[in-house]
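The structure appears below as structure tokens.
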Amino acid sequence: MSIRVKRITGILFPTEELLNWSINRLSEIWGMPEIISSPVPFDKTNYYHEIAPELYRVFACFPGLADAGQLADWKHEAIEIEALSRKPVRAVNIDPGYIDGARLILASTKDHAHRIYLRDGIYAEVTMRYRFKKWQSFDYTFPDFASGVYDEFLSQVRRLWLHEVKDS
295 MSIRVKRITG
305 ILFPTEELLN
315 WSINRLSEIW
325 GMPEIISSPV
335 PFDKTNYYHE
345 IAPELYRVFA
355 CFPGLADAGQ
365 LADWKHEAIE
375 IEALSRKPVR
385 AVNIDPGYID
395 GARLILASTK
405 DHAHRIYLRD
415 GIYAEVTMRY
425 RFKKWQSFDY
435 TFPDFASGVY
445 DEFLSQVRRL
455 WLHEVKDS
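Each residue of the sequence shown is one higher than the one before, counting from 295 in my numbering.
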């Protein structure tokens, strides 16, 4: 039995050209996004400063319901796309994950106490939960997620998930 979810990805990028390039590469493997969020300045940390001093994040939601058990594969596909962007270091950061009725899960290559090892060097993190009709963060949730700036996009994807699960 597979758990059916809405596949999303966050994309950190410095220019619109690199955003479009990333979306085109992702579309080749996952289909054209159903929804793309508005760009938000990525300014709560300088963790990805090696990419560029000024970054933005968008989220893209991909069509249909996907098998949550494939999260590690999605992360490896994202890593391959990131590798194509190297000039000489990667020019984008792509973080796939999924949304269902209760949570936002993101994939990572970095281990930490709150992450669960999946396979092949990939971990999963419950980044946010949906409870009492709103998105809630945890003490380890990244500051930009905890700020609520992505909540409307996450809710929009959750509504799509609810509709598609009901119709399947």
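The C-beta atom is built at its ideal place from N, Cα and C for all residues, glycine as well.
C-beta contact flag for residue i and residue j at 9 Å
i, j, result
"I416", "T403", "yes"
"F356", "E374", "no"
"L359", "R452", "no"
"D257", "A366", "Residue 257 is absent from the structure shown; the chain starts at 295 and stops at 462."
Rounded C-alpha distance that separates residue i from residue j
i, j, result
"I393", "L349", "24 Å"
"S441", "G304", "16 Å"
"W455", "E322", "22 Å"
"I345", "Y424", "31 Å"
"W315", "K381", "14 Å"
"A385", "G395", "33 Å"
"E371", "Q364", "11 Å"
"L383", "L312", "Correcting the residue type first, residue 383 is Val in the shown sequence and not Leu. Roughly 13 Å between the two C-alpha positions."
Where the alpha helix (DSSP H) containing residue i begins and where it ends
i, result
"A372", "365 to 378"
"I302", "No alpha helix (DSSP H) contains I302, which is instead part of the beta strand (DSSP E) from 298 to 307."
"P390", "Careful: P390 lies outside any alpha helix (DSSP H), inside the beta strand (DSSP E) at 387 to 393."
"R452", "445 to 461"
Residues of its chain near residue i, where Cβ-Cβ distance is below 6 Å and the 5 sequence neighbours each way are ignored
i, result
"K369", "P390, A401, I416"
"D445", "W429"
Close Cβ partners of residue i (< 8 Å) along its chain, the five nearest in sequence each way excluded
i, result
"A354", "I302, T303, I305, I317, L320, P327, I329, I330, S331"
"S462", "R298, L359"
Same chain only: Cβ atoms within 7 Å of residue i, ignoring 5 sequence neighbours per side
i, result
"W324", "R301, F356"
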